[in-house]
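Here is the structure we will look at, set down as structure tokens.
Residue numbers (the UniProt record's numbering): 1 to 520.
Rendered as structure tokens:
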């Protein structure tokens, strides 16, 4: 007991240290030490302090260095750094881009009236307007064979290729730091250094405007497949940004890029982008704490579940049928999430839970595996009288509820087959099974309330379900625990424990221990 408690305490302690360290790192990202003496030699002053007249020019090119020609697609002649705007322009696609090629945007901020190619004090960045991704298979009606023509008209023709296809990024989000911040040479942040362009103005060092292209705003839902389209719309958005938010955005953008280097797909990275897009820093902080606590309680729930079943020698009071059903349901849910290409943030815990449920089935049915000649042999243990009685009670309790749920699940599967569209027959089978699993899950949730950390973790899951993108049916299924838990609390309130009642050992919890009175 001591070792188990100390291990849990150690894990919680590591988690607290991790959260505090992350808060300290976040503070170091948001806060930048300014230059103490503005007239000192160590200070780098902003070019925007002189209120220069600027112009924004955006070009497209087939190569990032503009070799082979470039085309002007938009310009803001009276560009105000502090004025927010959004423009929609039509971009002509070269033939190479239409043939599964790439296209780049060259963004210049330069002095008004001067060509950006001849302005020595211009700043520019290069952004990719196309990205390669495997297209989502079209969904068809399994009865009539018709596909989703409405979606094809809205987003262009679909593709059934398993190879990456060039997709058009329909948004280009630009930011410039509007703070007139004085940098100190000795405390210049490394993340800002790559965006900083400095020139000598007499004895002073002056830095040009900090231009930033927000890659996090490029979502998968905004992508359009390149095919025969000669012209596609591009939404250009601009807004000023603070220095602290710029540094935070740079780190988040680098983190997403690192995930892609470690094998995360464009869709996996897109789920993480969705956390940061169109949110303020306070909500991002809440998102971090919710995700961290979700990870902690998931780990503790897995650990406590394993510890409980590892010590369990008998199935008295617990139904082996319920254990087998939970194993089947978790595997079905995992296959459903995998078929829907859900984020790894949701898929990995589901996979770990499936493995634990398979192990619990082995324990519940007392299965022993023996290997003879390279072939496995399974030996099933026998149930005692108390365990058989538990099975009878469980079967009787489920009998009448099954009369209602079986027709609903079968009817739902038939309705989905007729009126909804799926990628394949396998997709329809998995969707029908997972809907049945979510419905029948109400019958098997009560034992989970007695596992430590599960009760509080259910509410953490609810918040997490609205932060991470996942299938709607899986999101709604997160609230099953809440319904059962609230019913359980209501029953505890309606039928409180009678502490005055004497138990089988002749002890009442309301009695006070009798002892000899001592005088001082």
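Even for Gly, the Cβ is constructed at its ideal location relative to N, Cα and C.
Rounded Cβ spacing between residue 55 and residue 86 (contact assumed at less than 8 Å): In fact, because the Cβ distance is near 18 Å, the residues do not count as touching under 8 Å.
Alpha helix (DSSP H) segment containing residue 249, residue limits: Start and end: 243–261.
Delimiting residues of the alpha helix (DSSP H) encompassing residue 322: 320–339
Beta-carbon spacing of residue 327, residue 358 below 8 Å: Residue 358 sits close to residue 327, with the two beta carbons spaced by under 8 Å.
Outcome for residue 122 when other beta-carbon atoms lying within 10 angstroms are tallied against a minimum of 16: Under this definition residue 122 is a buried residue.
Rounded separation between residue 20 and residue 289 - CA only: 11 Å
Nearest-angstrom Cα separation, counted from residue 342 out to residue 7: 32 Å
Proximity winner among 402, 431, 403, 234, relative to residue 415 (alpha-carbon distances): Comparing alpha-carbon positions, the option among 402, 431, 403, 234 lying closest to residue 415 turns out to be 431.
Own chain residues within Cβ distance below 7 Å of residue 164, not counting five before or after: 132, 133, 134
Member of 252, 214, 234, 95 whose CA lies at the smallest distance from the CA of residue 223: 234
Beta strand (DSSP E) segment containing residue 523, residue limits: Since the first residue of the chain shown is 1 and the last is 520, residue 523 is not available in this structure.
Cβ shell of residue 260 (< 6 Å), same chain only, five flanking positions each side left out: 269, listed in sequence order.
Which listed residue (210, 100, 215) has its alpha carbon closest to that of residue 240: 210
Exposure label - residue 494; buried when at least 16 CB within 10 Å: exposed
One or two residues paired with residue 184 in a DSSP bridge: 43
Per-residue burial, residue 340 [other beta carbons within 10 Å of its own, 16 or more giving buried]: buried
Local conformation of residue 293 per DSSP, three classes: helix
Closest Cα partner of residue 370 within the set 379, 364, 125, 362: 379
As assigned by DSSP and simplified to three states, the class of residue 483: helix
Own chain, CB closer than 6 Å to residue 447, minus 5 neighbours either side, in chain order: Residue placement at residue 447 is flagged as unreliable, the pLDDT there being 42, under the threshold of 50; the coordinate-derived value follows with that caveat. Contacts found: none.
Given residue 320 as reference, the closest of 365, 333, 353, 354 once Cα atoms are compared: 365
Member of 196, 435, 429, 186 whose CA lies at the smallest distance from the CA of residue 406: 435
Buried versus exposed, by CB contacts within 10 Å (16 or more), residue 330: buried
Alpha-carbon spacing of residue 220 relative to residue 376, whole angstroms: 46 Å
Buried or exposed (CB count within 10 angstroms, at least 16 for buried), residue 13: exposed
Neighbour-count burial assignment, residue 332, 16 or more Cβ in a 10 Å radius: Flag for residue 332 reads buried.
Separation of residue 174 from residue 187, as counted between CA atoms: 26 Å
Contact set for residue 102: own chain, Cβ-Cβ below 6 Å, skip 5 residues either direction: 130
8 Å Cβ cutoff met for residue 93 and residue 230: yes
Reference residue 50; option with closest CA among 111, 16, 41, 66: Considering only alpha carbons, the answer is 111.
Span of the alpha helix (DSSP H), counted from its first residue to its last, around residue 97: 95–98
Cross-strand partners of residue 66 (DSSP beta bridge): Residue pairing from DSSP leaves residue 66 without any beta-bridge partner.
Cβ neighbours of residue 89 in the same chain (closer than 6 Å, five flanking residues each side left out): Only 73, 74, 234 meet the Cβ criterion.
Strand pairing of residue 74, partner residues [DSSP]: 58
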